[in-house]
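Novice: One structure coming up, written as structure tokens, with questions to follow.
Residue numbers (the numbering used here): 1095 to 1280.
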């Protein structure tokens, strides 16, 4: 343990952790700005946006002016990468969820063989049945209504169940897409 004299000395000489993190964050932002175009930065921000953000919010995060962000967001909407919602007079931009889903389906089709996909679907269905049997409910939503706030294991299972259900839906969509592609090729 430091004596109070040593502690004062360290505080005077060494920057605080907050100052250090601020310096690191400034440097990362400066590097990002130097290594990318304004369009690339707006694209990256929109790609991470689920709930929608205004052009001003995107501009702030992408280190560009609001008119630049708005112009690039409109281009992303026109190309189908982004979509808009209205919040009163404000246009909110977010990534296009259908495009993200199709990207995940294509990735699965390219990275996983049909037998692996079928095995994975079978395993996920079995996992979902285990949750249903274990908690005697038919959905994660029903489980959420029954759990108390302090049941950590139950909440962890709820999250895992929802994730498994989402992954199953994507895997089944990839399988259906693959089957449709084969049928159209014949």
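All C-beta atoms in this analysis are idealised placements derived from N, C-alpha and C, irrespective of residue type, glycine included. Computed from a prediction, not measured in an experiment: that's the story for all the values here.
1. Decide if residue 1218 is buried, meaning its Cβ has at least 16 other Cβ atoms within 10 Å, or exposed.
2. Find the nearest neighbour of residue 1186 within the set 1192, 1150 and 1155, judged by alpha-carbon distance.
3. Under 8 Å by Cβ, that's how I've got residue 1171 and residue 1135 pegged, so tell me the actual separation to the nearest angstrom.
4. So which of 1197, 1232 and 1131 has the shortest CA-CA distance to residue 1259?
5. Quick one: what does DSSP say residue 1130 is sitting in, helix, strand or coil?
6. Please confirm whether residue 1211 and residue 1176 have their CB atoms less than 8 Å apart.
7. Give the range of the alpha helix (DSSP H) segment to which residue 1192 is assigned.
8. Check whether the stretch 1179 to 1197 and the stretch 1137 to 1147 touch, using three or more Cβ-Cβ pairs below 8 Å as the test.
9. If we ignore side chains and look at the alpha-carbon of each, how far apart do residue 1130 and residue 1184 end up?
10. Measure the C-alpha to C-alpha separation of residue 1279 and residue 1154 and round it to an integer number of angstroms.
11. Are residue 1265 and residue 1215 touching if we call contact CB-CB under 8 Å?
12. Out of 1225, 1277, 1263 and 1181, state which residue places its alpha-carbon closest to the alpha-carbon of residue 1253.
13. Could you check how far apart the C-beta atoms of residue 1209 and residue 1166 are, in whole angstroms? I think they sit under 8 Å.
14. Just to confirm my understanding: we take residue 1127, look at its own chain, exclude 5 residues before and 5 after, and list those with CB closer than 7 Å. What are they?
15. Run through DSSP, which three-state label would residue 1250 get?
16. Can you list, in chain order, the residues of its chain whose CB lies under 8 Å from that of residue 1228, leaving out five sequence neighbours each side?
17. In three-state terms, what does DSSP make of residue 1186?
18. Terminal residues of the continuous beta strand (DSSP E) containing residue 1177?
19. Rounded to whole angstroms, what is the Cα-Cα separation between residue 1123 and residue 1162?
20. Does the ligand SAH have a heavy atom nearer than 7 Å to the CB of residue 1255?
Specialist: Per the coordinate set shown:
1. buried
2. 1150
3. At roughly 17 Å, the Cβ-Cβ gap does not stay under 8 Å, so residue 1171 and residue 1135 are not in contact.
4. 1232
5. coil
6. no
7. 1191 to 1205
8. yes
9. 27 Å
10. 47 Å
11. yes
12. 1225
13. Not quite, the Cβ-Cβ distance comes to about 43 Å (not below 8 Å), so this is no contact.
14. 1157
15. helix
16. 1251
17. strand
18. 1176 to 1181
19. 18 Å
20. No copy of the ligand SAH occurs in the structure displayed, which carries no ligand at all.
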